[in-house]
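Protein chains in written order, with our numbering: chain A, 109 to 491; chain B, 164 to 555. Below is one structure; the comments refer to it alone.
Written out as structure tokens, the structure is:
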């Protein structure tokens, strides 16, 4: 069941939550004060590496008719696109590097290599998703307007296709993200302002023309007789990024144990409660360093949601502190393996295609035994 | 007004007619013939088409991987050398990259951005190199201020090869062309820097008119360009140098002008130096009813008016605050912990420019009010004039 009061849910008193808030504020301060040349050098190096890789890929694809070149070029382009998308684009647009005061690496000016215009992304993601994280009816990332990912979302007949929509979203992820800020749910229910929709579609159309023109027309044309093989290479690279970005985002928010909230939670929510909601609404996964980088450190989703605008490379350092705080305050901190978390996510998506209590969606959601015991004990004490 | 290090990304910023930049590209990146070079305003003929391939980035974003100066997106330069001038001052010689314009006027200043501990800091300095027809370098001369964190770094900590950011030259404190027949320069300390560019220009063109330079510095060793100034005095009989050492002679008393430069009333005057000197000069010439001939260069903004204050909402960060009419929007934002873009903090470099979604602000220098929707404002010199919403 969706939670309407996060502090009640976490069995914390108002004073404890406020103390927790101060602890999290202190971590932010500590990190901000320690930002310096090493951090700046990291993002500059990452950007340089990514651009070199992209150039190398495009050059290699001039020989795309030759299978090993196709393979190498596609792999490099896919990796370059992934780095550009998450570790660079997503994180720069969060303002993680704004402290550098560098107009070339700044959230207000960054444009990324995907069909969604940066403006629309900053609204749908930075504002809507990161402010109203996991609040049903407010955070459109809960199911992206087409999937049912929790029992708390009302079932509609279209949800029967949940696994199919899931597959489509994974393969066409950049297009799904591209349409995201249009707010499909609002269009469906007639809440969308048509003037605003026209403006957004125009902006999106321009970006789509440029992006598709580059990958599906100009670069293939440039390689002359190898038009088709370059085209398939570019399409594959985009597919690689779609699947990876989809995977990272889904395991960050939909594994078992992630909590959803009702709009009541937002009423008079304090900073401490906001932090608490961010922790309960996110899931981390374990990985090697290279995977963390490829995931833009979103594998530290809890930390990313607590501090979306602190540089990603500091999340491991922050995680040591946040984990300790969560242990101290007995707050669930979800950490698991990538395959396990995806399996849970996929299982949920399949299960949620049926209405609650029907067909293959009959079992009652698991309850944390310790939590319920504590609840019973406290109820007894109160009585 | 030249381009400034603002946050533009949509279009490549290339000063129209910058032959050097066009030539640089023509020679290196594309094999454009002399026709393209002649059509300099079009600049880089392949820029548009090649940007179709690099979208959402610009070709420059890739070219600068080969040479950091090959980008006109943000003006930049490479430090060639740092030449000591006095104990606490040095001349920084910079080779500008693409997009730079050498068509500046002697006396103008340039914005320079330096990365220290990962953060870009901006200040403005007078160009001390005279503009030339064929030129590859520019120079600024910097005096390390005791409290000046950036000036100290420029004088002592800047290694050759360092890439710095630049803003195109600007400023109204310039040498007229042709120069007036009789000129008086009143300078103190590093106030000589814009004037040396003018004197070098006059010297190089051999058009030195009747010039008196009254320059003050604490002592002989602290006089910038001392040898060169004495050289001018020897080479040009119509150039008179009055060198004053304030540790011995005290500060300039304007009554002494009658003896130092008896015909001061007949001269066009350029004054540059500490606030006190400029204020004294202003009232002196005003009393003489000659305000029109006095040109002043102030290092630092003088806030003469206040705003009304108001409720300010920083829309992106979601912070809101009530501020008074004397606090700049930049200071108020920083106090709230917002990562505000900032530069010179004196209204020169425009790095701090952000979009005002709605509301009204007042420029603390001129008192001018700006209101409306989606207007760009300089947060370092403006205060709220009522409620406003900023996109930062």
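Positions of the beta carbon are idealized from the N, C-alpha and C atoms, including for glycine.
- Under a criterion of Cβ atoms nearer than 7 Å, the residues of chain B adjacent to residue 210 of chain A are, in order, 283.
- Straight-line measurement puts the Cα of residue 457 of chain A at about 14 Å from the Cα of residue 264 of chain A.
- A distance below 6 Å between beta-carbons, with the five flanking residues on each side excluded, links residue 185 of chain A to the following residues of its chain, in chain order: 165 and 345.
- Taking the C-beta atoms as reference points, residue 216 of chain B is found nearer than 8 Å to residue 327 of chain A.
- In this structure, DSSP gives residue 285 of chain A a helical state, which the three-state scheme calls helix.
- Burial state of residue 428 of chain A is exposed, judged by a 10 Å Cβ sphere holding fewer than 16 other Cβ atoms.
- Between the segment 432–442 of chain B and the segment 342–353 of chain B there are three or more inter-stretch CB-CB distances shorter than 8 Å, so the stretches are counted as touching.
- Contact residues of the segment 230–248 of chain B toward chain A are 236 and 237 (C-beta to C-beta distance below 7 Å).
- From the listed residues A:464, A:222, A:149 and A:421, the smallest Cα separation to residue 280 of chain A is found for A:222.
- If you look at residue 335 of chain A, you'll find it in the alpha helix (DSSP H) that goes 335–361.
- Taking 8 Å as the CB threshold, residue 322 of chain A lines the interface with chain B.
- DSSP places residue 435 of chain B in the strand class (E or B) of the three-state scheme.
- CA-to-CA, the gap between residue 324 of chain B and residue 396 of chain B works out to about 36 Å.
- Proximity of chain B to residue 318 of chain A at the Cβ level (cut-off 9 Å) is accounted for by 215, 218 and 219, in chain order.
- Under the rule that a run must span 4 or more residues, the alpha helix (DSSP H) segments found entirely inside the segment 353–383 of chain B read 355–368.
- Taking 8 Å as the cut-off, the beta carbon of residue 373 of chain A is found closer than this to the beta carbon of residue 113 of chain A.
- In the three-state reduction of the DSSP assignment, residue 200 of chain A falls in the helix class, which pools H, G and I.
- In the DSSP annotation of this structure, the continuous segment of the beta strand (DSSP E) that includes residue 551 of chain B starts and ends at 545–553.
- At a cut-off of 8 Å, the C-beta of residue 414 of chain A has no neighbouring C-beta in chain B.
- Take the alpha-carbon of residue 494 of chain B and the one of residue 518 of chain B: they are about 16 Å apart.
- In this structure, A:256 is the residue among A:261, A:277 and A:256 with its C-alpha nearest to the C-alpha of residue 268 of chain A.
- Inclusion of residue 404 of chain A and residue 199 of chain A in the CB contact set at 8 Å is warranted, their separation being smaller than that value.
- A distance below 8 Å between beta-carbons, with the five flanking residues on each side excluded, links residue 384 of chain A to the following residues of its chain, in chain order: 114, 115, 118, 120, 125, 128 and 439.
- Cβ proximity to chain A below 9 Å picks out 276, 278 and 279 from the segment 250–279 of chain B.
- Separation of residue 441 of chain A and residue 224 of chain A (C-alpha to C-alpha, rounded to the nearest whole angstrom) is 32 Å.
- Every unbroken stretch of the alpha helix (DSSP H) spanning 4 or more residues and falling wholly within the segment 390–461 of chain B is given here in chain order: 409–412, 420–423 and 438–450.
- The C-beta distance from residue 238 of chain A to residue 416 of chain A rounds to 5 Å, short enough to fall under 8 Å.
- Residues of chain B with a Cβ closer than 8 Å to the Cβ of residue 220 of chain A are, in chain order, 219.
- Using a CB distance below 7 Å, the part of the segment 487–509 of chain B facing chain A consists of 502, 504 and 505, ordered along the chain.
- Its chain contains 210, 213 and 214 as the residues whose beta carbon lies nearer than 7 Å to that of residue 222 of chain B, once the 5 sequence neighbours on both sides are disregarded; these appear in chain order.
- Excluding residues up to 5 positions away in sequence, 246, 248, 302 and 304 lie with their Cβ nearer than 6 Å to the Cβ of residue 254 of chain B in the same chain.
- When 8 Å is used as the limit between beta carbons, residue 147 of chain A is near these residues of chain B: 281, in chain order.
- For residue 355 of chain B, same chain residues with a beta-carbon under 7 Å away, outside a window of 5 residues either side, are 378, 387 and 388 in chain order.
- One Cα belongs to residue 235 of chain B, the other to residue 299 of chain B, and the distance between them is close to 16 Å.
- One finds 156, 159, 160 and 163 in chain A with Cβ atoms closer than 9 Å to the Cβ of residue 228 of chain B, taken in chain order.
- The bridge partners DSSP lists for residue 249 of chain B are B:252.
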